[in-house]
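One structure below.
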Amino acid sequence: MKVLLRNPRREVDLEGASTVDRLLEILQLDREAHLVIRNGTLVPGDARLTPDDVIEVRPVISGGL
Amino acid sequence: MTGVGSKCRACKEPAVIDLPRHNAHFCAEHLQQLCRRQVAKAIDDFEMLGPDDRVLVAVSGGKDSLAVWDLLVEAGYRADGLYVGLGIGDYSSESKGYAQRFAADRDLELITVDLRDEYGYDVPTAASATGRVPCSACGLSKRRLFDRAAVGGGYDVVVTGHNLDDEAAVLFGNTLRWDVEYLARQLPVLPAANGFPKKVKPLVRLTERETAAWCLVRGIDYLVEECPIAAGNKHLGYKAALNSIEAGSPGAKAAFYHGFLDRMSPVLEGRSTSSSGDLSRCSRCGDATTAHVCAFCRLVEKAGAHQPVPVEMVLPKRRRR
Numbered sequence: 001m002k003v004l005l006r007n008p009r010r011e012v013d014l015e016g017a018s019t020v021d022r023l024l025e026i027l028q029l030d031r032e033a034h035l036v037i038r039n040g041t042l043v044p045g046d047a048r049l050t051p052d053d054v055i056e057v058r059p060v061i062s063g064g065l
Numbered sequence: 066m067t068g069v070g071s072k073c074r075a076c077k078e079p080a081v082i083d084l085p086r087h088n089a090h091f092c093a094e095h096l097q098q099l100c101r102r103q104v105a106k107a108i109d110d111f112e113m114l115g116p117d118d119r120v121l122v123a124v125s126g127g128k129d130s131l132a133v134w135d136l137l138v139e140a141g142y143r144a145d146g147l148y149v150g151l152g153i154g155d156y157s158s159e160s161k162g163y164a165q166r167f168a169a170d171r172d173l174e175l176i177t178v179d180l181r182d183e184y185g186y187d188v189p190t191a192a193s194a195t196g197r198v199p200c201s202a203c204g205l206s207k208r209r210l211f212d213r214a215a216v217g218g219g220y221d222v223v224v225t226g227h228n229l230d231d232e233a234a235v236l237f238g239n240t241l242r243w244d245v246e247y248l249a250r251q252l253p254v255l256p257a258a259n260g261f262p263k264k265v266k267p268l269v270r271l272t273e274r275e276t277a278a279w280c281l282v283r284g285i286d287y288l289v290e291e292c293p294i295a296a297g298n299k300h301l302g303y304k305a306a307l308n309s310i311e312a313g314s315p316g317a318k319a320a321f322y323h324g325f326l327d328r329m330s331p332v333l334e335g336r337s338t339s340s341s342g343d344l345s346r347c348s349r350c351g352d353a354t355t356a357h358v359c360a361f362c363r364l365v366e367k368a369g370a371h372q373p374v375p376v377e378m379v380l381p382k383r384r385r386r
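Top line first, the protein sequences correspond to chains A and B.
Counting along the first sequence from 1, when you hit position 38 you're at 38 in the numbering used here, and nothing is skipped either side.
Counting along the second sequence from 1, when you hit position 191 you're at 256 in the numbering used here, and nothing is skipped either side.
This is the structure:
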């Protein structure tokens, strides 16, 4: 599946991620610091993913004050 | 097949988000309900806003400031926005576009102020000229412009988009240093005093994952990219440490910060310089300060006389090209 990552913006092809939680685990990303958008819709950690899905992993942490 | 996944705790419709600290999943509608309730509770608990207040929201084009502006307008507050151009290269021009589009799409008033136009410098130049950490020069400059715009525009209160993660990270840093002065001042409401406007933080009961989710389900287009200068700063390190604790103990960040407000803040009351009355007037601008010349005037003097510095010169080393 195609996965869009941010900061910096880039796209990767990924296999083997059957759920959102598994996807974040593979990418070694913190659940509390990211949201996952599947085909344009926000989805929770146990949402299932398929190879045809277009995924965005969006970081939510800001560094400014 | 994409699977149905978990259900919303409130209505049993498909959930869009899991929130471990609430031990629950929520659909888009009930996520919004949760956010509205948390903001209303923060406003009520700390007497942040009155129904007739004229509110000025400090807007950066990022998720938190646009979320808080949206939440306040939806709740019926008279809230205008203030965008400050900081001169941080493409990041600043992009962030301004997001703030302007948000305001235009909702027919809201957005005041824009540019640091270089008003004071003859920008954040990269200020950092380079003074040797200050860029985020420190940025924060000092923004606070002063917010204050001036609020007082000059007749606003009753300045709203900032600081969320639970921001406040917990600042508290963590202040605690690591046992900085009693800063700890005593770390409140979600700063009353109007010494010519400075009242400042409030209505998002202190929402994590940044929740404010980002608010933006997504509300269709708010915000600047996702991080400030290039902030990358790798201490504040982000504190947030990562707290999120690591949160992963094993959901609710730990909220307990840390709100426990501080409930049980430690009262102990520290009266311990900050600003509350002890040890303030004089800046000999240049007349604002309240602990020094002969305030920190902002000293910054303007050095940065305004300095040759402009491109943002690339103050990026963290690993981000330079």
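Backbone N, C-alpha and C define an ideal beta-carbon position, used for all residues, glycine too.
Beta-carbon separation (whole angstroms), residue i vs residue j, contact threshold 8 Å
i: Asp-129 (chain B); j: Gly-226 (chain B); result: 3 Å
i: Glu-291 (chain B); j: Ser-62 (chain A); result: 7 Å
i: Leu-248 (chain B); j: Ser-160 (chain B); result: With a Cβ gap of about 31 Å, Leu-248 (chain B) and Ser-160 (chain B) do not count as contacting.
i: Asn-259 (chain B); j: Leu-344 (chain B); result: 6 Å
i: Ala-164 (chain B); j: Leu-175 (chain B); result: 6 Å
i: Arg-86 (chain B); j: Pro-253 (chain B); result: 18 Å between Cβ atoms; not a contact.
Sheet register partners of residue i (DSSP bridge)
i: Val-178 (chain B); result: B:Val-149
i: Glu-11 (chain A); result: A:Leu-4
i: Leu-84 (chain B); result: B:Ala-89
i: Arg-48 (chain A); result: A:Thr-19
i: Lys-264 (chain B); result: B:Val-223, B:Leu-255
Close beta carbons around residue i, own chain, < 8 Å, minus the five adjacent residues each side
i: Thr-67 (chain B); result: In this prediction, Thr-67 (chain B) scores a pLDDT of 45, lower than 50, which makes its location untrustworthy; the coordinate-derived value is nonetheless stated afterwards. Taken in chain order, the list of residues that qualify is empty.
i: Arg-6 (chain A); result: Glu-56, Val-57, Arg-58, Pro-59
i: Tyr-322 (chain B); result: Leu-229, Glu-232, Ala-233, Leu-236, Val-269
i: Leu-333 (chain B); result: Val-245, Leu-248, Ala-249
i: Val-43 (chain A); result: Val-20, Val-36, Ile-37
Which listed residue (the options) has its alpha carbon closest to that of residue i
i: Pro-267 (chain B); options: B:Glu-334, B:Tyr-142, B:Glu-290, B:Ala-360; result: B:Tyr-142
i: Val-124 (chain B); options: B:Gly-162, B:Cys-100, B:Ala-360; result: B:Gly-162
i: Glu-273 (chain B); options: B:Glu-78, B:Asp-118, B:Ala-75, B:Val-133; result: B:Val-133
i: Glu-311 (chain B); options: B:Leu-84, B:Pro-293, B:Glu-78, B:Ser-71; result: B:Leu-84
i: Glu-275 (chain B); options: A:Glu-32, A:Gly-40, A:Pro-51; result: A:Glu-32
i: Cys-280 (chain B); options: B:Ile-108, B:Glu-377, B:Arg-349, B:Ala-93; result: B:Ala-93
i: Ala-140 (chain B); options: B:Ser-157, B:Val-332, B:Thr-195, B:Asp-117; result: B:Asp-117
i: Gly-115 (chain B); options: B:Pro-373, B:Val-265, B:Pro-331; result: B:Val-265
i: Thr-41 (chain A); options: B:Cys-350, B:Gly-302, B:Val-282; result: B:Val-282
Sequence-distant residues of the same chain with beta carbon closer than 6 Å to residue i, five excluded per side
i: Pro-381 (chain B); result: Ala-296, Gly-297
i: Val-149 (chain B); result: Val-178, Lys-207, Leu-210
i: Ala-89 (chain B); result: Arg-74
i: Gly-45 (chain A); result: Val-20, Asp-21
i: Thr-338 (chain B); result: Thr-355
i: His-371 (chain B); result: Thr-190, Ala-194
i: Arg-386 (chain B); result: Note on Arg-386 (chain B): pLDDT 43, under 50, position unreliable in the model; the coordinate value appears next. Answer for Arg-386 (chain B): no residue qualifies.
i: His-357 (chain B); result: Ser-348
i: Tyr-303 (chain B); result: Ala-234, Phe-237, Gly-238
Beta-carbon contacts of residue i that lie in its chain and below 7 Å, excluding the five residues immediately before and after
i: Leu-99 (chain B); result: Phe-91
i: Pro-262 (chain B); result: Asp-212, Ala-215, Val-216, Tyr-220, Val-222, Val-223
i: Ala-278 (chain B); result: Ile-82, Leu-96
i: Ser-330 (chain B); result: Leu-252
Any chain E beta carbon closer than 8 Å to residue i
i: Asp-30 (chain A); result: Structure shown: chain E not included; protein chains present are A and B.
Given 8 Å as the limit, is there contact between the stretch 359-374 of chain B and the stretch 179-196 of chain B, that is, 3 or more CB pairs closer than that?
-> yes
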